[in-house]
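The listed protein sequences derive, respectively, from chains A and B. Counting from 1, position 254 in the first sequence corresponds to residue 254 in the numbering used here; the numbering is continuous, with no gaps. Counting from 1, position 161 in the second sequence corresponds to residue 522 in the numbering used here; the numbering is continuous, with no gaps. Just so it is clear, CB atoms sit at the ideal spot from N, CA and C, and this is done for glycine as well. Step one of this worksheet: look at the structure below.
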Amino acid sequence: MAEEKKKPAVGLQPEGEVDWSDYQGILVVVEQREGSAKKVSWQLLGESKRMADKLNAPLMAMVIGHGVEEVAKEAIYYGADKVFICDSPELKDYRTRPYSKVCLHVIREFKPEIVLFGATYTGRDLAGAIATHLPTGLTADCTQLDVNEERLLMASRPAFSEKMLATILCKQFKPQMATARSGVFQSLPRDDSRVGEIIRIEPQMDEQEIATEVLEFVESTHGINLEDAEVIVSGGRGLGGPAGFKILQELANALGGVVGASRPAFEAGWITHDHQVGQTGSTVHPKLYIACGISGAIQHTIGMQSSDYIIAINKDPEAPIFKIANYGIVGDLFEIVPALTKAALAKKGKQAAVASAVTNG
Amino acid sequence: MLHIVACIKQVPDSREIRIDPKTNTLIRQGVPAIVNFYDLHGLEEALRIKDEYGARVTVVTMGPPSADKALKLCVSMGADEGVLISDRAFAGADTLATSYVVALAVEKAAQEWGPVDIVFCGKQTLDGDTGQVGPGVACRLDYDQLTYVEKVEHLDEAKKEIIVHRHLEDGVERVKAKLPVLITALAELNKPRRAGLPGVLKAGRYQPVVWTTNDFPDIDRSKIGLKGSPTIVGKTWVPEPKKVETQMLTAESTAVLAEQLIDSLYATELPAKLGWA
Ligand SMILES: Cc1cc2nc3c(=O)[nH]c(=O)nc-3n(C[C@H](O)[C@H](O)[C@H](O)COP(=O)(O)OP(=O)(O)OC[C@H]3O[C@@H](n4cnc5c(N)ncnc54)[C@H](O)[C@@H]3O)c2cc1C
Numbered sequence: 001m002a003e004e005k006k007k008p009a010v011g012l013q014p015e016g017e018v019d020w021s022d023y024q025g026i027l028v029v030v031e032q033r034e035g036s037a038k039k040v041s042w043q044l045l046g047e048s049k050r051m052a053d054k055l056n057a058p059l060m061a062m063v064i065g066h067g068v069e070e071v072a073k074e075a076i077y078y079g080a081d082k083v084f085i086c087d088s089p090e091l092k093d094y095r096t097r098p099y100s101k102v103c104l105h106v107i108r109e110f111k112p113e114i115v116l117f118g119a120t121y122t123g124r125d126l127a128g129a130i131a132t133h134l135p136t137g138l139t140a141d142c143t144q145l146d147v148n149e150e151r152l153l154m155a156s157r158p159a160f161s162e163k164m165l166a167t168i169l170c171k172q173f174k175p176q177m178a179t180a181r182s183g184v185f186q187s188l189p190r191d192d193s194r195v196g197e198i199i200r201i202e203p204q205m206d207e208q209e210i211a212t213e214v215l216e217f218v219e220s221t222h223g224i225n226l227e228d229a230e231v232i233v234s235g236g237r238g239l240g241g242p243a244g245f246k247i248l249q250e251l252a253n254a255l256g257g258v259v260g261a262s263r264p265a266f267e268a269g270w271i272t273h274d275h276q277v278g279q280t281g282s283t284v285h286p287k288l289y290i291a292c293g294i295s296g297a298i299q300h301t302i303g304m305q306s307s308d309y310i311i312a313i314n315k316d317p318e319a320p321i322f323k324i325a326n327y328g329i330v331g332d333l334f335e336i337v338p339a340l341t342k343a344a345l346a347k348k349g350k351q352a353a354v355a356s357a358v359t360n361g
Numbered sequence: 362m363l364h365i366v367a368c369i370k371q372v373p374d375s376r377e378i379r380i381d382p383k384t385n386t387l388i389r390q391g392v393p394a395i396v397n398f399y400d401l402h403g404l405e406e407a408l409r410i411k412d413e414y415g416a417r418v419t420v421v422t423m424g425p426p427s428a429d430k431a432l433k434l435c436v437s438m439g440a441d442e443g444v445l446i447s448d449r450a451f452a453g454a455d456t457l458a459t460s461y462v463v464a465l466a467v468e469k470a471a472q473e474w475g476p477v478d479i480v481f482c483g484k485q486t487l488d489g490d491t492g493q494v495g496p497g498v499a500c501r502l503d504y505d506q507l508t509y510v511e512k513v514e515h516l517d518e519a520k521k522e523i524i525v526h527r528h529l530e531d532g533v534e535r536v537k538a539k540l541p542v543l544i545t546a547l548a549e550l551n552k553p554r555r556a557g558l559p560g561v562l563k564a565g566r567y568q569p570v571v572w573t574t575n576d577f578p579d580i581d582r583s584k585i586g587l588k589g590s591p592t593i594v595g596k597t598w599v600p601e602p603k604k605v606e607t608q609m610l611t612a613e614s615t616a617v618l619a620e621q622l623i624d625s626l627y628a629t630e631l632p633a634k635l636g637w638a
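Set out below in structure tokens:
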């Protein structure tokens with residue numbers, strides 16, 4: 001350790017002599033709305049469990065909100081040894097200041113060596129504020145996490161439009177912080193026989209001290225959540241207009257999926273931005289992605305290339321999208337997509353008939 | 362009058378970045394620079410507020426001397442002043458060190474041109490992709506942060522209040538806050554304007570204000586640039602491209618083709634995983 005300190009300084013140095021050896025364990029900040037946690041929080045607990053075992057250190061979770069007692073218990077079922085809960089009416093909605101103050105209090109008091117958040121809008125908002133306050137290093141949007149023998153967090157993330165991966169380290173400060181992408185890590189199976197410690201934390205701000213007010217939350221009406229979707233049928237410029245999305249929606253319905261889009265389709269006003277896939281839209285990893293009339297530009301494919309199965313329908317046999325597709329069909333989407341819908345429904349009908357024949361038989 | 366600061370960054374056009382197949386490193390030469398696209402949505406919103414209420418719009422960017430082009434673009438769109446924060450000592454900054462310098466620049470802009478009411482940043486940059494600088498700047502200035510904003514619903518100049526719509530994964534949140542605030546802009550916020558001829562002419566003659574470390578007498582030099590950055594880049598590598606064997610399907614009719622594809626999908630694990638069966 002002494003040798004370590006003599007090395008030339010790289011990066012920001014803490015002021016004065018700081019002993020970080022008290023900092024132990026991994027803290028996952030759980031995100032919830034109305035008492036239901038975001039999947040990414042449990043995925044992070046799953047991945048962190050592996051790292052905590054390697055560090056031989058506790059796995060902790062932080063739950064903030066109002067009426068979130070159950071979420072705290074769930075955190076234990078999903079792997080946490082210890083859960084900090086801060087439950088108070090003024091914490092019902094996420095607001096940066098009161099939430100970050102609670103987190104800062106827990107971090108300073110209980111000294112985790114690593115703090116992780118989902119790379120959601122809220123997770124990024126909160127993590128950015130906390131890292132600046134502490135201060136410490138924060139790595140955004142990680143897709144790989146690990147710890148090494150020196151207990152350093154190796155937070156790896158895509159860089160340069162996902163053309164490269166880079167491992168980011170924070171050697172001089174604790175805790176080491178990162179936000180991590182949803183859908184990349186596996187959560188542990190829920191085990192309601194697990195037990196753990198629940199520690200109550202006092203809120204750190206009164207309502208009168210909080211200048212922002214959440215007036216209302218309007219849940220998105222079409223319930224589009226691309227990032228969690230298992231089947232996505234996407235359309236691009238090849239659709240030629242908003243009407244094309246109707247036939248995509250029919251195929252999506254038949255397959256139990258949702259509709260996605262390329263950027264030009266959004267820019268032309270054919271569909272709203274929450275459907276856009278790619279660098280400036282959502283990064284998705286469904287089990288099945290069907291690209292219709294999409295050429296396969298890198299800005300699009302970085303957002304969907306990790307899908308389990310990719311199907312491309314394009315009238316240009318040279319379209320780059322075919323290079324990353326498992327199945328390709330060259331032809332007019334206006335003929336092929338409705339035919340697929342029909343075939344999918346027919347197949348489903350047959351399967352159902354077979355199933356009922358078996359059960360009734 | 363309202364004073365709005367729009368923070369922008371010049372970034373390499375990611376479409377043009379290629380990997381050298383021999384060395385597995387990035388080829389950055391000759392890559393054109395563009396203004397980070399979300400930042401232009403922030404600037405546009407500042408300009409719309411200027412059009413409606415009257416405001417002074419200052420644009421700041423930290424970057425190399427060549428970033429003056431980006432500032433000229435902003436001036437051509439209608440910004441009143443463009444500030445280039447440029448010094449070798451700022452190079453290599455991570456988000457923490459960047460937010461420190463940008464916050465100092467906002468404070469200095471307030472001293473020069475009046476108290477700041479709103480700071481706009483883009484949601485994230487196309488090269489860094491972190492979205493951390495906005496919250497960092499807000500935190501240092503002690504402003505409330507309103508991130509991922511898709512609409513400014515209402516601005517009350519007298520009461521110094523603003524209502525915005527924040528876009529979240531599962532819906533939209535209407536939030537009221539007291540000025541000063543820092544807003545990070547989404548693409549849905551607006552459609553950035555094209556500069557008119559007078560703007561282009563003005564920008565042609567315009568010389569951006571340049572601030573170096575010397576313009577910030579109280580700057581803590583241990584907090585800037587590479588030296589002020591707690592994160593360091595370890596290993597970088599090019600991920601193995603996903604190997605896919607593309608199966609091109611053909612058939613005598615579209616109906617048969619469609620059936621073939623659906624049958625192929627049913628032959629995989631998908632029906633079981635997706636509950637189609
Ligand atoms: C900074 C930046 C960020 C970007 N971010 C994104 C992003 O997040 N997401 C994104 O998607 N793009 C993004 N883009 C745009 C991207 O570069 C491409 O321009 C875009 O992805 C192309 O969309 P497309 O495939 O729908 O259109 P095109 O490239 O025009 O392709 C249309 C395709 O449709 C096919 N076609 C036409 N008619 C038919 C038909 N009847 N049947 C079958 N096929 C047909 C054509 O053969 C063609 O291949 C970004 C660009 C920049 C500069």
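Exercise. Count the CB pairs spanning the stretch 417-429 of chain B and the stretch 438-458 of chain B that are closer than 8 Å, and state whether there are at least three.
Key: With three or more CB-CB distances shorter than 8 Å, the stretch 417-429 of chain B counts as touching the stretch 438-458 of chain B.
Self-check item: Exposed unless 16 or more other CB atoms sit within 10 angstroms - verdict on G636 (chain B)
Solution: Exposed, since its Cβ has fewer than 16 Cβ neighbours within 10 Å.
Quiz item: Does the stretch 575-594 of chain B come within contact of the stretch 539-553 of chain B, defined as at least 3 CB pairs closer than 8 Å?
Solution: Judged by Cβ distances under 8 Å, the stretch 575-594 of chain B makes no contact with the stretch 539-553 of chain B, as fewer than three pairs qualify.
Exercise. Would you check if the distance between the CB atom of Y121 (chain A) and the CB atom of I64 (chain A) is smaller than 8 Å?
Key: Against a cut-off of 8 Å, the Cβ pair of I64 (chain A) and Y121 (chain A) comes out as no contact.
Quiz prompt | For D624 (chain B), three-class secondary structure by DSSP | solution = The answer is helix: DSSP assigns D624 (chain B) an H, G or I state.
Quiz item: Should T143 (chain A) be counted as a contact of ligand 1 given a C-beta to heavy atom distance under 7 Å?
Solution: Not so, every heavy atom of ligand 1 lies at least 7 Å from the Cβ.
Quiz item: So what does M423 (chain B) bridge to, in DSSP terms?
Solution: Paired residues: B:I446.
Self-check item: Exposure label - M304 (chain A); buried when at least 16 CB within 10 Å
Solution: Buried is the call here.
Practice problem: Flag R555 (chain B) as yes if its beta-carbon sits less than 8 Å from any beta-carbon of chain A, otherwise no. | Solution: Not an interface residue.
Exercise. Would you kindly report the start and end of the unbroken alpha helix (DSSP H) that includes L12 (chain A)?
Key: Where L12 (chain A) is concerned, there is no enclosing alpha helix (DSSP H), given that its DSSP letter is neither H nor E.
Quiz prompt | For I310 (chain A), the first and last residue of its enclosing beta strand (DSSP E) | solution = From DSSP, the beta strand (DSSP E) with I310 (chain A) extends over 309-314.
Quiz item: Within the 8 Å Cβ cut-off, does K323 (chain A) reach chain B?
Solution: By the rule that beta-carbons nearer than 8 Å mark a contact, K323 (chain A) touches chain B.
Quiz item: Going by alpha carbons, who is nearest to V477 (chain B) out of B:K383, B:K370, B:T611, B:L540?
Solution: Closest in C-alpha terms to V477 (chain B), from the list B:K383, B:K370, B:T611, B:L540, comes B:L540.
Quiz item: Name the DSSP bridge partner or partners of R417 (chain B)?
Solution: Answer by DSSP bridge pairing, in chain order: B:H364.
Quiz item: Whose C-beta lies closer than 7 Å to the C-beta of G497 (chain B) among residues of the same chain, with five residues either side of it excluded?
Solution: Cβ within range, chain order: T456, L457, S460.
Quiz item: Can you tell which of A:S36, A:E113, A:D19, A:R33 has the C-alpha that lies nearest to the C-alpha of S48 (chain A)?
Solution: Among A:S36, A:E113, A:D19, A:R33, the Cα nearest to that of S48 (chain A) is on A:E113.
Quiz item: Within 8 Å (strictly less), CB to CB, does E70 (chain A) reach chain B?
Solution: Interface with chain B (8 Å Cβ-Cβ cutoff): E70 (chain A) is excluded.
Exercise. Please list the partners that A548 (chain B) has in chain A, where partner means a Cβ-to-Cβ separation under 7 Å.
Key: Near A548 (chain B) (Cβ distances below 7 Å), the residues of chain A are H273, T280.
Quiz prompt | Contacts that T283 (chain A) makes with chain B (C-beta to C-beta distance below 9 Å) | solution = Within 9 Å Cβ-Cβ: nothing; T283 (chain A) doesn't reach chain B, min ~10 Å.
Quiz item: Hey, which unbroken runs of the alpha helix (DSSP H) at 4 residues or more fall wholly within the stretch 275-338 of chain A?
Solution: Those alpha helix (DSSP H) runs which fall completely within the stretch 275-338 of chain A and span 4+ residues are 298-301.
Exercise. Enumerate in chain order the residues of its own chain whose CB-to-CB distance from E3 (chain A) is below 6 Å, with the five nearest sequence positions on each side excluded.
Key: Because the pLDDT of E3 (chain A) is 36, which lies under 50, any placement of that residue in the model is unreliable, and the number read from its coordinates should be weighed accordingly. Contacts found: none.
Quiz prompt | Any C-beta of chain A under 8 Å from that of Q608 (chain B) | solution = At least one chain A Cβ lies under 8 Å of Q608 (chain B).
Self-check item: Cβ neighbour criterion (16 or more within 10 Å) applied to R555 (chain B)
Solution: Burial call: exposed.
Quiz prompt | G492 (chain B) - partner residues in DSSP beta bridges | solution = Answer by DSSP bridge pairing: none, since G492 (chain B) is not bridged.
Quiz item: Taking E216 (chain A) as the reference, which of B:K521, B:A454, B:H526 has the closest Cα?
Solution: Considering only B:K521, B:A454, B:H526, the residue with the shortest C-alpha distance to E216 (chain A) is B:H526.
Exercise. List the residues of chain B that M154 (chain A) touches, going by C-beta distances under 8 Å, in chain order.
Key: Under the 8 Å cutoff, chain B gives G595.
Exercise. Would you kindly work out how many angstroms separate the C-alpha atoms of Y627 (chain B) and A343 (chain A), rounded to a whole number?
Key: Computed Cα separation, rounded: 12 Å.
Quiz item: Using a beta-carbon distance cut-off of less than 9 Å, what residues from the stretch 487-498 of chain B approach chain A?
Solution: Within the stretch 487-498 of chain B, the residues whose Cβ lies closer than 9 Å to some Cβ of chain A are L487, D488, G489, D490, T491, G492, Q493, V494, G495, P496, G497, V498, listed in chain order.
Quiz prompt | Exposure of A519 (chain B), with buried meaning 16 or more beta-carbon neighbours within 10 Å | solution = By the neighbour-count rule (16 or more Cβ atoms within 10 Å), A519 (chain B) is not buried but exposed.
Quiz item: Does any heavy atom of ligand 1 sit closer than 7 Å to the C-beta of Q276 (chain A)?
Solution: Q276 (chain A) Cβ: within cutoff of ligand 1.
Self-check item: Limits of the beta strand (DSSP E) - the one that P158 (chain A) falls within
Solution: For P158 (chain A), the enclosing beta strand (DSSP E) stretches over residues 153-159.
Self-check item: CB contact below 8 Å: V536 (chain B) versus chain A
Solution: Closer than 8 Å to some Cβ of chain A, the Cβ of V536 (chain B) qualifies, so yes.
Quiz item: In three-state terms, what does DSSP make of G565 (chain B)?
Solution: In this structure, G565 (chain B) counts as helix in the three-state DSSP scheme.
Quiz item: Since A464 (chain B) is in the alpha helix (DSSP H), which residue starts that stretch and which ends it?
Solution: Per DSSP, the continuous alpha helix (DSSP H) segment holding A464 (chain B) begins and ends at 456-474.
Quiz item: How about Q506 (chain B): is its C-beta nearer than 8 Å to some C-beta of chain A?
Solution: Answer yes: the Cβ-Cβ gap between Q506 (chain B) and chain A drops below 8 Å somewhere.
Quiz item: Is it the case that the CB of P264 (chain A) approaches a heavy atom of ligand 1 more closely than 7 Å?
Solution: Yes - ligand 1 has a heavy atom lying nearer than 7 Å to the Cβ of P264 (chain A).
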